Amino acid sequence: MSYISVIIGVLLLLNTYPLLVSEDLVFRSKATTLQASVSVMVNSLSGLDRLTEENVTTAMSVVEETGLSRILVTDSAGRVLYDTRETGANVGDYALYTEIVQALMGEDAFSCTYKGAAFRSRASSPVLYQNQIIGAVYAYEYDTEQAALLADLQSNLLRLSGIVGVVVLLLSLLLSKALTLKISLLLTAIREVREGAYSHRAEIKGRDEIAQIGHEFNSLTDRLQSTENVRRRFVSDASHELKTPLAAIRLLSDSILQTDNIDPETTREFVSDIGREAERLGRITEDLLRLTRLDSGVLEPGTVVDVLPVLEQAMRMMSLVAQEKGVDLTYSASEGCTVLAAKDEIHQVIYNLTDNAVKYTPPGGAVQVSLSRESGEVVLTVADNGVGIPEADLPRIFERFYRVDKARSREAGGTGLGLSIVSDTVKRRGGTVEAANRTGGGSVFTVRWPRMEGGEGS
Ligand code: ADP
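Taken in order, the sequence shown gives residues 57 to 514; the numbers are from this note's numbering.
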């Protein structure tokens with residue numbers, strides 16, 4: 057609508073302004089030519105001391121035919137002495153036209169009107185003798201020629217405006233229809249996705265802004281869909297993981313209740329199994345809570361942490377576990393490995409990786425942990441010579457609940473969440489973690505954090 061009103065405004069201007077300008081030009085040219093004619097006549101009468109019908113007629117007879125519609129000469133009282141219009145031969149009457157009155161008062165007068173397909177121009181000047189007004193000359197011109205030209209211009213402009221108006225109207229209708237169609241497609245897509253149909257896509261053709269919004273909307277929906285899929289899988293995996301130990305607890309407790317004369321030894325065994333499953337449940341929920349906290353996106357402001365003391369503490373803890381399993385755990389570290397993080401996070405990362413290394417290394421194997429500085433980075437590697445990870449599984453081991461060997465992991469007390477926690481924790485502080493297999497067997501995990509100079513960021 058606003059587009060159409062602008063066009064209407066322009067068309068109105070097109071239909072008025074040129075006409076007004078041309079009219080004004082005609083008025084000006086009329087004023088010059090008519091006043092020039094009048095002054096020629098005034099000159100031819102200027103030698104006379106008094107104007108009479110006879111001397112005026114004589115004087116006027118030598119004035120050349122000027123193509124005027126009417127020439128009128130009055131005396132100083134406004135009485136007609138000479139009139140070229142035959143029908144209006146008012147000789148002797150008073151002709152007190154505005155222009156004549158003005159001329160008799162000593163001023164040149166001119167007026168022009170454009171009406172009824174004609175220009176009507178009137179000019180008048182006083183006739184003087186020794187500075188005395190002895191009469192006035194009045195000329196009148198009725199011009200249809202220039203008026204016809206102007207009317208022509210007007211009708212041409214009108215026709216042109218009509219054509220432009222119709223074309224603009226049709227184009228606007230077409231354009232707005234195409235636009236509304238695209239917008240309604242987009243709206244439908246938005247509503248569908250809002251209702252949960254994440255597979256719905258906005259099919260908008262073209263390369264204009266609306267089509268671009270459509271593409272953006274589709275890629276947003278793609279992300280939404282994949283996030284939703286991940287969430288669903290996570291919920292179903294989590295419930296499945298929780299269900300397994302619960303089912304075991306149920307089975308064991310049912311066995312105790314339903315077996316007659318169960319001997320105390322078996323009861324003790326079953327109850328200790330129940331305890332183990334409960335512990336497992338506890339570990340899973342703890343890990344789930346940790347991941348949920350990481351997902352919530354709230355990042356505690358970190359402090360500059362020296363990784364070395366944290367590593368030493370974790371190694372003290374893990375050495376007992378390793379010793380019990382018969383795995384040789386050693387570590388090496390350099391000074392000045394400071395990163396921006398929270399102490400607990402670093403501990404969690406070192407603990408999870410070392411715990412895995414010990415878990416997946418058979419007795420007699422070795423686990424080496426090393427901490428070093430490498431051009432702006434703090435690098436932690438945890439290497440073992442254990443079972444290793446099949447190449448095909450390497451890209452997926454950081455996924456939630458992903459386990460190469462479910463039975464082995466469960467047996468070793470794993471939850472399938474340890475590496476996800478490591479990866480999320482490290483990434484949140486701008487670091488990276490990667491896993492690889494060692495040529496001699498076993499695997500190696502490498503964590504890189506951006507290094508922070510002491511005091512910075514604290
Ligand atoms: P889990 O609790 O099962 O250990 P993680 O997320 O910590 O879960 O690890 C995912 C999977 O990656 C494990 O189930 C295991 O198959 C594999 N994995 C992790 N660390 C190692 C390692 N050091 N050696 C061999 N396999 C490993």
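All C-beta atoms in this analysis are idealised placements derived from N, C-alpha and C, irrespective of residue type, glycine included. Just so you know, these numbers come straight off a predicted model, no measurement behind them.
Under the rule that 16 or more other beta-carbon atoms within 10 Å means buried, what is residue i, buried or exposed?
i: E333; result: buried
i: A133; result: exposed
i: G162; result: exposed
i: D411; result: buried
i: S514; result: Reliability fails at S514, whose pLDDT of 36 lies under 50, so the model's placement of it is uncertain and no value is given.
i: A151; result: buried
i: V130; result: One detail in the question is off: residue 130 reads as Thr in this sequence, not Val. So T130 ends up on the buried side.
i: Y170; result: buried
i: V66; result: exposed
i: E512; result: Only weak support is given to the placement of E512: the predicted model assigns it a pLDDT of 44, under 50, and the value that follows is read from those uncertain coordinates. The residue in question, E512, is exposed, as its Cβ has fewer than 16 Cβ neighbours within 10 Å.
i: P301; result: buried
i: G191; result: buried
i: A491; result: buried
i: S58; result: exposed
i: K238; result: buried
i: T277; result: buried
i: A195; result: buried
i: V77; result: exposed
i: A303; result: exposed
i: G270; result: buried
i: L367; result: buried
i: L81; result: exposed
Report yes if the CB atom of residue i is closer than 7 Å to the CB atom of residue j, and no otherwise.
i: A370; j: H403; result: yes
i: A165; j: A203; result: no
i: R429; j: C393; result: yes
i: I63; j: V193; result: no
i: V119; j: M97; result: yes
i: A596; j: A245; result: An answer regarding residue 596 cannot be provided, because it is not within the stretch 57 to 514 covered by the chain.
i: G474; j: N408; result: yes
i: A398; j: D440; result: no
i: G405; j: T502; result: According to the sequence as given, residue 405 is Val; it is not Gly. No, the pair does not count as a contact, with Cβ atoms beyond the cut-off.
i: G496; j: G444; result: no
i: T471; j: D343; result: yes
i: R372; j: V434; result: no
i: T140; j: I127; result: yes
i: N71; j: S240; result: no
i: I266; j: I305; result: no
i: S228; j: I60; result: yes
i: I340; j: T323; result: no
Check each candidate in the options and name the one with the smallest Cα separation from residue i.
i: V327; options: T315, L308 and L355; result: L308
i: S85; options: P182, L214, E197 and S181; result: E197
i: S375; options: P451, V423 and A159; result: V423
i: D362; options: Y170, L68, V395 and A87; result: V395
i: A115; options: L124, S125 and Y138; result: Y138
i: S177; options: S352, T108 and E79; result: E79
i: S431; options: D449, A389, W505 and L184; result: W505
i: S181; options: A87, S240 and L68; result: A87
i: G421; options: T386, P446 and S125; result: T386
i: S388; options: L76, R346, V354 and T437; result: T437
i: T154; options: S167, E142, G331 and L276; result: S167
i: G103; options: Y59, L124, Q186 and Q91; result: Q186
i: S479; options: L347, S426 and F83; result: L347
i: R215; options: L237, L68 and R135; result: L68
i: E447; options: S426, D329, L427 and V500; result: V500
i: S476; options: P451, N493, R494 and Q188; result: P451
i: R135; options: L107, G123 and E142; result: L107
i: L101; options: G148, R288, I189 and A303; result: I189
i: D149; options: S117, G123 and E109; result: E109
i: T89; options: F273, G338, P74 and D199; result: D199
i: D400; options: V360, S117, Y73 and S390; result: V360
i: L205; options: E248, L226, P74 and D351; result: P74
Contact between the segment 402-419 and the segment 377-394 is defined here as three or more beta-carbon pairs at a separation below 8 Å; is this criterion met?
Yes: at least three Cβ pairs fall under 8 Å.
| Within the chosen definition, does the segment 449-461 reach the segment 280-297 through at least 3 CB pairs nearer than 8 Å? | Contact between the segment 449-461 and the segment 280-297 is established, with three or more Cβ pairs separated by less than 8 Å.
Requested in this report: Would you be able to state if there are at least three C-beta pairs under 8 Å between the segment 274-289 and the segment 236-254?
Outcome: Result yes; three or more Cβ-Cβ pairs closer than 8 Å.
The segment 458-467 touching the segment 485-493, judged by at least three CB pairs closer than 8 Å:
The segment 458-467 makes no contact with the segment 485-493; the number of CB pairs closer than 8 Å stays below 3.
- Task: Kindly confirm or deny that the segment 206-225 and the segment 90-107 touch, where touching means at least three C-beta pairs closer than 8 Å.
- Result: Note that the segment 206-225 does not touch the segment 90-107; fewer than 3 beta-carbon pairs, one per stretch, sit closer than 8 Å.
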